[in-house]
Amino acid sequence: MRDIDILQALLAKQCPNLHAKGLSSLMVATQSLLDGQQLSLTELGRNIAGSVAPKHNIKRID
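Under the UniProt record's numbering, think of the first position of the sequence shown as 1, with each following residue one higher.
Set out below in structure tokens:
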């Protein structure tokens, strides 16, 4: 988890115009990629941690 925190801090500093919600979504997708190690929209959505149905997480990534 620390790697995501470092990446988020660097991106927030280097890209000040990036909206907070966009940055948050990017970090969720990045964590999902690190957890699942598969780069497709469907797999990224399925690998998001949480109690929401996979269908909603796939839409969130898309």
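Every residue, glycine too, gets a C-beta built ideally from N, C-alpha and C.
- Non-local beta-carbon contacts of residue 23 in its own chain, meaning distances under 7 Å to residues more than five positions away in sequence, involve 8, 11 and 12 in chain order.
- Relative to the Cα of residue 42, the nearest Cα in the group 32, 6 and 21 belongs to 32.
- Assignment of residue 19 by DSSP, reduced to helix, strand and coil, places it in the coil class.
- Apart from sequence neighbours up to five positions away, the residues of its chain that approach residue 57 with a beta-carbon distance below 6 Å are 45 and 48, ordered along the chain.
- Note on geometry: alpha-carbon atoms of residue 6 and residue 27 lie some 11 Å from one another.
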